[in-house]
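So the mapping is simple: the working numbering equals the position in the sequence shown, first residue as 1, plus 12.
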Amino acid sequence: MIAYLGRIVHDNDAESKLDDDVSSISKSLDLQGSIENGDVSSLASKDFGGLYSVKPLFLIKPSGAEDISRVVKLASRTSNLTVAARGNGHSINGQAMAEGGLVIDMCSTEKNHFEFLPINGSHYIDVSGGALWEDVLTRCVSRYGYAPRSWTDYLSLTVGGTLSNAGVSGQAFRYGPQTSNVTELEVVTGKGEITVCSETLNSELFFGVLGGLGQFGIITRARIKLQQAPDMVRWIRVVYSEFEEFTRDAEFLVTQKEGESFDYVEGFVFCNNDDPFNGWPSVPLDPGHEFNPTHIPQTAGSVLYCLEVAFHYRNSDNPTVDTAVNGLLGRLRFVEGLKSQVDVSYTKFLLRVNRAEEQVKANGTWDGPHPWLNLFVSKSDVVNFDRTVFKTMLKDGVGGPMLIYPLLRSKWDDRTSVVLPEGEIFYIVALLRFVPNGPSVEKSVAQNREIVNWCIKVGLDFKLYLPHYQSKEDWERHFGNRWSRFEERKASFDPMAILAPGQNIFRRDP
Ligand code: FAD
């Protein structure tokens, strides 16, 4: 078997035999799941970014951790095969791909675990690493009335895929990223060992895997903290013309005590014009309510800022909601007249981007390229960032949302593999570009590079989120004084550099 795999990796003529050989490999591996010939048109060679495409050798649909362990062990007995777990392939830069390697489709394990666990007065759910967050939400709420506390904006992402990065949204200021909301993981390491880990058990693996970009193990089960799900959400957007007032209010809200602020705080930059995607029409929440530009102050510049907040409530709380929400809004300095709000169910709120997906799919841009750029920028540099990047480089928009909102470093666990800027408050900046195929893709990639190069040149305190680099030196700079810990974790848990080759951090030597 090993000799055979070695041969087909080096021998292109053997491709025509692959279909026959797929079944013999599957048998000899004793897989409960299935295995398919890697094909350029298969899902394993694509991702949401649409910028890269590489051909894997095989796509494996495992039935669970045992199958995954067998595949990793098989790879370790060859001289050069790599293994990529593929969540839902919503990376941008080929991170879930493995050129000539084995891609594991984690979605085939999505139904493996679903256990509600009340432990010492708290509540948890055990789910598969391949579970989609949208399913975790709907199943948890409908069956138990509970839900995870920390989310991403869009939920057709897998649990393992977001935990490998961090997983952030407007709840992270209070509960931290998703990586701060798991208490136990089951992981298949790069040695093929199935290991349960937590803060107290195999803790180096546990913290390594969280935010570990898939480098140390494949998450096959995660235990996630839950909270009681509210019935409803009041979802509000208010507009600012001045960046300093926007950040002052956003920072005020994220630093209030629990129970004395909104439950969700985000924000975005939009163009001060009537462009349907980048301008005023991108603000109203209620289709019956139009943005009225006559309220915009004369002093406003090329871009405006929208603070987006949400307040959770139960149906029985109805009369007190207005008092609480109006009390909070009364402390903010947004432009009078530029406020939009709706009341929606909790699940409808969390599935808001999934609904937008349906609309964008209808106009064809969802499936096009997405040269996105995500960064964490320190509070100390965010005014400079706004002046140069938003007000100047991106004053005409990016053909999609330009998110910016504050997060608190103290809600992130330093022991995970995620790296952050210095200081307690930092901002996530997400340039979510939707561009047509053609020259605008290269232009967008070049503009992203220009932004990152400018950040480096002026010495901004920033980190890439969902990082993508080509060279080892860039990765070392990214991790800074955490690089040696990252390397040591790799040496302990995936010493042959088998896992997640698409991240381009370590290379398996032939
Ligand atoms: P994939 O893209 O399939 O994999 C990502 C990486 O994780 C790969 O290296 C892969 O090998 C590894 N991996 C996958 N599964 C596992 C596993 N089980 N164990 C170990 N490693 C694994 N992120 C946010 O934080 N907040 C947001 O609000 C947000 N919104 C998004 C909206 C959209 C429309 C899109 C496309 C992305 C968004 N993201 C957001 C980014 C998203 O969290 C990451 O791209 C994430 O990695 C995607 O999950 P996935 O399941 O598709 O993973």
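Don't be surprised by glycine CBs; every beta carbon is placed ideally from N, CA and C. This one's a predicted model, so the numbers in the text were calculated from it and none came from an experiment.
Pair within 7 Å by beta-carbon distance, Gly-409 and Asn-290: yes
Local conformation of Pro-305 per DSSP, three classes: In the structure shown, Pro-305 sits in a helix (DSSP, three-state: H, G or I).
Run the CB neighbour count on His-324, radius 10 Å, all protein chains shown included, and call it buried at 16 or more, exposed below. buried
Using the three-state DSSP reduction, which class does Lys-502 fall into: helix, strand or coil? If DSSP states are grouped into helix, strand and coil, Lys-502 belongs with the helices.
Limits of the unbroken beta strand (DSSP E) element including Gln-353: 351-357
Best match in Arg-235, Val-180 and Gly-202 for proximity to Pro-418 [C-alpha to C-alpha]: Val-180
Counting along the chain, where does the alpha helix (DSSP H) carrying Pro-451 start and finish? 451-469
Distance between Glu-122 and Phe-128 (C-alpha atoms, nearest Å): 16 Å
Would you say the beta carbon of Arg-195 comes nearer than 6 Å to a heavy atom of the ligand FAD? For clarity, residue 195 is Thr in the given sequence; the question names Arg instead. No.
If you drop the 5 nearest sequence neighbours on each side, which residues of the same chain put their C-beta closer than 8 Å to that of Leu-225? Around Leu-225: Gln-107, Ser-176, Asn-177, Ser-429, Pro-479, Ala-512, Gln-515 and Ile-517.
Distance check for Val-365 and Gly-378, CA to CA, integer angstroms please. In the sequence on display, residue 378 carries Trp and not Gly. So the alpha carbons of these two residues sit roughly 12 Å apart.
Could you tell me whether the Cβ atoms of Val-200 and Ile-37 are closer together than 7 Å? The criterion of a C-beta distance shorter than 7 Å is not satisfied by Val-200 and Ile-37.
Would you check if the distance between the CB atom of Val-295 and the CB atom of Val-277 is smaller than 7 Å? no
Looking at Gly-411: is its Cβ nearer than 7 Å to the Cβ of Val-372? no
Near Val-389, which residues of its chain fall below 6 Å by C-beta distance, leaving aside the five closest residues on each side in sequence? Closer than 6 Å at Cβ, skipping near neighbours: Phe-397, Tyr-439, Val-441 and Phe-474.
If you reduce the DSSP assignment to three classes, tell me which class Asn-516 lands in. In this structure, Asn-516 counts as coil in the three-state DSSP scheme.
CA-to-CA distance, Trp-495 to Trp-487, given in whole angstroms: For Trp-487 and Trp-495, the distance between alpha carbons rounds to 8 Å.
Quick check on Arg-519: buried or exposed, where buried means 16 or more other Cβ atoms within 10 Å of its Cβ? exposed
On the criterion of 16 or more Cβ atoms from any shown chain inside 10 Å, does Thr-212 qualify as buried, or is it exposed? exposed
The beta strand (DSSP E) that contains Leu-443, what's its start and end? 437-443
Which residues bound the beta strand (DSSP E) around Leu-387? 385-390
Quick one, are the C-beta atoms of Lys-237 and Arg-161 less than 7 Å apart? yes
Nonlocal neighbours in the same chain, by C-beta distance under 7 Å from Val-431, ignoring five residues either side: Lys-475, His-490, Phe-491, Gly-492 and Arg-494
Going by the C-beta, is Phe-60 closer than 6 Å to any heavy atom of the ligand FAD? yes
Does DSSP put Tyr-477 in a helix, in a strand, or in coil? coil
Nearest-angstrom Cβ-Cβ length linking Gly-61 and Leu-169, presumed shorter than 8 Å: Wrong, their Cβ atoms sit about 14 Å apart, outside the cutoff.
Inter-residue Cα distance where the pair is Tyr-166 and Ala-159: Their backbone Cα atoms lie some 15 Å apart in a straight line.
Starting from the Cα of Thr-311, find the closest Cα among Ser-273, Val-208 and Tyr-252 and give me that residue. Tyr-252
Between Val-84 and Gly-220, is the Cβ-Cβ spacing less than 7 Å? no
Quick one: grab the DSSP three-state call for Ala-56. helix
Leaving out five residues on either side along the sequence, give the residues of the same chain with a beta carbon under 8 Å from the beta carbon of Asp-7. Within the shown structure, residues of the chain are numbered from 13 to 522, placing residue 7 beyond reach of any answer.
Flag Leu-432 as yes when its Cβ comes closer than 6 Å to any non-hydrogen atom of the ligand FAD, and as no otherwise. no
For the beta strand (DSSP E) containing Ile-230, list its first residue and its last residue. Residues 229-240.
When you compare the CB positions of His-307 and Gly-342, do they come within less than 7 Å of one another, or not? Taking the C-beta atoms as reference points, Gly-342 is found no nearer than 7 Å to His-307.
Length-filtered (4 minimum) alpha helix (DSSP H) runs lying within the segment 75-127: DSSP runs (the alpha helix (DSSP H)) wholly in the segment 75-127: 77-88.
Please tell me whether, using a cut-off of 6 Å, the distance from the CB of Met-118 to the nearest non-hydrogen atom of the ligand FAD is below it. yes
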